Each structure stands twice: as structure tokens, then as C-alpha cells.
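S.K.: Per the UniProt record's numbering, the very first residue in the sequence shown carries number 1; after that it's consecutive.
Every residue, glycine too, gets a C-beta built ideally from N, C-alpha and C.
If you're wondering where the values come from, they're calculated on a predicted model, not measured in any experiment.
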Amino acid sequence: MTKVTTACILVVLALCAVVLLASAQASSQALAAPYGVSGYPNPYWRPTRPRCRGRNEVFMYCQSSNCGEFSCSILFRWVYSPRICNTDCVNRCFCKPGYYRNFKGRCVTPQRCRKPVFAPLPTRSHPPGGLPE
1 MTKVTTACIL VVLALCAVVL LASAQASSQA LAAPYGVSGY PNPYWRPTRP RCRGRNEVFM
61 YCQSSNCGEF SCSILFRWVY SPRICNTDCV NRCFCKPGYY RNFKGRCVTP QRCRKPVFAP
121 LPTRSHPPGG LPE
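1. Need the endpoints of the beta strand (DSSP E) that residue 134 sits in, please.
2. By the 10 Å Cβ neighbour count, where 16 or more other Cβ atoms means buried, how is Y99 classified, buried or exposed?
3. Am I right that C107 and E57 are in contact with their C-beta atoms under 8 Å? What's the rounded C-beta distance?
4. Beta carbon of C67, beta carbon of R83: below 8 Å?
5. Nearest CA to the CA of N86: which residue from L75, C62, P97?
6. With 16 as the cutoff for other CB atoms within 10 Å, does R55 come out buried or exposed?
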């Protein structure tokens, strides 16, 4: 009976050692790699936040490509229309809150946004005296 008990205890200890060893390897791999085998982001590792080149920009993770920031053109709309946002997830530099992206791609205050100027359509010039017959 004591031999069976000793054998069972040894088997349980061996199993515990294998489980601990496997979990230690998995956690060290999780800390070292940005993405697991499945491709999903690892919650324990996050890459350093990239710096943005433009002034008044901040890098944001997983934002809608068209609703992550405002553009100057929204200030000059004739009619209010609600924003329809894409459900995509992009990681890039966006304008800080309170800033708008102008037509040159820079983040500016609303006071620095310029109303877009549209070029006049070319007109057809006719000779003096009216239209030719």
C-alpha cells in the first residue's frame, strides 16, 4: 500500500513539474513576442508609441480612418449631416483634440482653417455682336 501511495505521489509531482515548466515557457514567450501564435496582440507586450512628425498630432491605436479626427472642410459645410464612420481599425497619427486637418495635411486650430476657394469654371467667349450663325 505504501508503495502505491509513493508511486502516486511521484506521478503527481512529475505532472506538476511538467505543468509548471510548460507554463513558465509560455509566459516567457508571451513577454518576448509581440504577437502570439494565433496572431492576436499579446496583452503583456505593446510596442513603443511611434512619434508623429507633424505638430499637434498624436499617435492613436485602432481608430476609425475617417472619424479619428476632424478636417477643416467640416467647418464650412452648408448643411449639417451626421458623420458616418468606417468600422476599420487604423494605427496612425491623428490631430489632437481641438485641432483640424487642413488641405495641406497639417493640424491647425479652427481659426487657422481657411474656407476652400473653388476655381471658377471657364466661360466660353463669343465674338462681339453675339453668337455666330
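M.R.: Result, derived from the coordinates:
1. This structure cannot settle anything about residue 134, because the visible part of the chain is limited to 1 through 133.
2. That one is buried.
3. The beta-carbon separation of C107 and E57, rounded to 5 Å, stays under the 8 Å limit for a contact.
4. The answer is yes: Cβ separation under 8 Å.
5. Looking from the CA of N86, the closest CA among L75, C62, P97 belongs to C62.
6. It is exposed - the Cβ of R55 has fewer than 16 other Cβ atoms within 10 Å.
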